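Trainee: This is the structure, below, for whatever I ask next.
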Amino acid sequence: MTIQGSVIFNFRITFVSRVQIWHEMTVTVEKERDIGLIGQVPRSAIVIVLALVLSAIVFVARSLQSPEISWFPVSETIPNEVGLELVGPIEYTIDARAEQPVFFDFSSGSMVAAPSSNGWDLEINRFNIKSNGGAGFTGNGGILDLGAVAFDSIRLVPNQGYVQNSRERDFTNPEMDHWYNYSWINHLLTSKPNIFAVRTADSRYAFLEILSYYCAGAQAGCLTFRYFYQGDGSPLF
């Protein structure tokens, strides 16, 4: 190799070595910078992020679980007029899955297949509930949401303030609009712990609590409720 070739060869080696050293230094600096940035993240922020991730995991896991559904067998249709008596608590399940509504009468404690104009108190069609009163109805019925109070604590219901049906709300009585919670995850209806006072078609009083919306086999459309009915026309229970 000539002297000139040797010089050029040594120069190339030196140049390549310096490039490699510069590259290694750059990588080291970038790593140190990244580590430094990580060190600058507040510990509280890291804890919050981890908590959010854990909450999301728990939420998804619970949503994938099959929820327990309370259901009741459909009650027999056996009308029994109670007259002036106070009756209750009575638990009753109505099959309201059909397209046509079904009717319940408190004074007989039963569904009525072909009721007269004033021979029923509640009209039920799946989760929609109406009273026998208001525009287009012949009775004096109405419903009043008493809120989330204990069923066994009711001794007196109001004698006024009952809401009747409205022609503008063909599907349900306004007071029964929100008797349930609906889950967008599993698409199930669960009843709220609210008590509903009912003024019947002939101006007597009852109160009820809805327990379930499911039939045997967890099929939707069966409404189960428990109630008291005062046959003497007073609001005392």
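The opening residue of the sequence shown carries number 1158 in the working numbering; numbering runs sequentially from there.
Even for Gly, the Cβ is constructed at its ideal location relative to N, Cα and C.
Nothing here was measured: the structure is a model prediction, and the numbers come from that model.
Using the C-alpha atoms, what's the distance from I1342 back to S1391?
Mentor: Here residue 1391 corresponds to residue number 234 of the sequence shown, with the count starting at 1. Here residue 1342 corresponds to residue number 185 of the sequence shown, with the count starting at 1. Approximately 44 Å between the Cα atoms of the pair.
Trainee: Does the beta-carbon of Q1321 have 16 or more other beta-carbons within 10 angstroms, so that it is buried, or is it exposed?
Mentor: As a position in the sequence shown, residue 1321 is number 164, starting the count at 1. Buried: at least 16 other Cβ atoms inside 10 Å.
Trainee: Among Y1362, E1366, Y1371 and A1375, which has the Cα closest to the Cα of Q1387?
Mentor: Here the question's residue 1387 lines up with position 230 in the sequence shown. Considering only alpha carbons, the answer is Y1362.
Trainee: Using C-beta distances below 6 Å, list every residue in its chain close to I1170, excluding the 5 sequence neighbours before and after it, in chain order.
Mentor: Within the sequence shown, numbered from 1, the residue matching residue 1170 stands at position 13. Since pLDDT at I1170 reaches only 41, below the 50 mark, its modelled position is unreliable, and the value read off the structure follows with that caveat. So the list is empty, once near-sequence residues are dropped.
Trainee: With a 10 Å radius around its C-beta and 16 neighbouring C-beta atoms as the bar for buried, classify I1352 as buried or exposed.
Mentor: Position 195 of the sequence shown, counting from 1, holds the residue named residue 1352. Buried.
Trainee: Within 10 angstroms of the Cβ of R1356, are there 16 or more other Cβ atoms? Answer buried if so, exposed if not.
Mentor: Along the sequence shown, one-based indexing puts residue 1356 at 199. Result: buried.
Trainee: Which residue or residues does DSSP assign as beta-bridge partners of C1379?
Mentor: Locating residue 1379 in the sequence shown gives position 222, counting from the first residue. D1252, per the DSSP bridge assignment.
Trainee: Under 8 Å, do N1275 and T1250 count as touching if we go by C-beta distance?
Mentor: Taking the first residue of the sequence shown as position 1, residue 1275 is located at position 118. Taking the first residue of the sequence shown as position 1, residue 1250 is located at position 93. Cβ atoms of N1275 and T1250: not closer than 8 Å.
Trainee: Taking all protein chains shown into account, decide if T1234 is buried (16 or more other Cβ within 10 angstroms of its Cβ) or exposed.
Mentor: For the purposes of this step, residue 1234 is taken as residue 77 along the sequence shown, with counting starting at 1. Label assigned to T1234: exposed.
Trainee: Alpha carbon to alpha carbon, how far is F1385 from H1344?
Mentor: Mapped onto the sequence shown, residue 1385 falls at position 228. Mapped onto the sequence shown, residue 1344 falls at position 187. Taking the straight line from one Cα to the other gives about 31 Å.
Trainee: Buried or exposed, going by whether 16 or more other CB atoms sit within 10 Å of the CB of A1255?
Mentor: As a first step, residue 1255 must be located in the sequence shown, where it is residue number 98. A1255 comes out exposed.
Trainee: Assuming contact is defined by CB atoms lying nearer than 8 Å, are V1269 and F1260 in contact in what I supplied?
Mentor: Here the question's residue 1269 lines up with position 112 in the sequence shown. Here the question's residue 1260 lines up with position 103 in the sequence shown. Against a cut-off of 8 Å, the Cβ pair of F1260 and V1269 comes out as a contact.
Trainee: By a C-beta neighbour count over all protein chains shown, 10 Å radius and 16 as the cutoff for buried, is A1354 buried or exposed?
Mentor: The residue given as residue 1354 occupies position 197 in the sequence shown. The residue is buried, with at least 16 neighbouring Cβ atoms inside 10 Å.
Trainee: Report, in whole angstroms, the separation of the C-beta atoms of R1283 and A1253, which I expect to be a contact under 8 Å.
Mentor: Indexing the sequence shown from 1 puts residue 1283 at position 126. Indexing the sequence shown from 1 puts residue 1253 at position 96. Indeed, because the Cβ distance is near 5 Å, the residues count as touching under 8 Å.
Trainee: Can you tell me which of the three DSSP states S1391 falls into?
Mentor: As a position in the sequence shown, residue 1391 is number 234, starting the count at 1. DSSP places S1391 in coil when its eight states are reduced to three.
Trainee: Does any residue of chain B have a CB that is nearer than 8 Å to the CB of S1360?
Mentor: Structure shown: chain B not included; a single protein chain is present.
Trainee: Taking 8 Å as the limit between beta carbons, can you name the residues of its chain near L1313, skipping five residues before and five after?
Mentor: Here residue 1313 refers to the residue found at position 156 of the sequence shown. Taken in chain order, the residues that qualify are P1392, L1393 and F1394.
Trainee: Tell me which residues share the same chain as A1373 and place their Cβ nearer than 7 Å to its Cβ, disregarding the 5 neighbours each side in the sequence.
Mentor: As a working mapping, residue 1373 is identified with position 216 in the sequence shown. W1228 and P1230, listed in sequence order.
Trainee: Would you give the residue range spanned by the beta strand (DSSP E) that R1356 belongs to?
Mentor: As a working mapping, residue 1356 is identified with position 199 in the sequence shown. Its beta strand (DSSP E) spans residues I1352 to R1356.
Trainee: Could you please give me the residues that DSSP links to Y1319 through a beta bridge?
Mentor: Your numbering for residue 1319 matches position 162 in the sequence shown. Paired residue(s): none; Y1319 is not in a bridge.
Trainee: What does a CB cutoff of less than 6 Å around G1299 pick up in its chain, not counting 5 residues either side in sequence?
Mentor: Indexing the sequence shown from 1 puts residue 1299 at position 142. S1288, G1290, Y1319, V1320, Q1321 and R1356, listed in sequence order.
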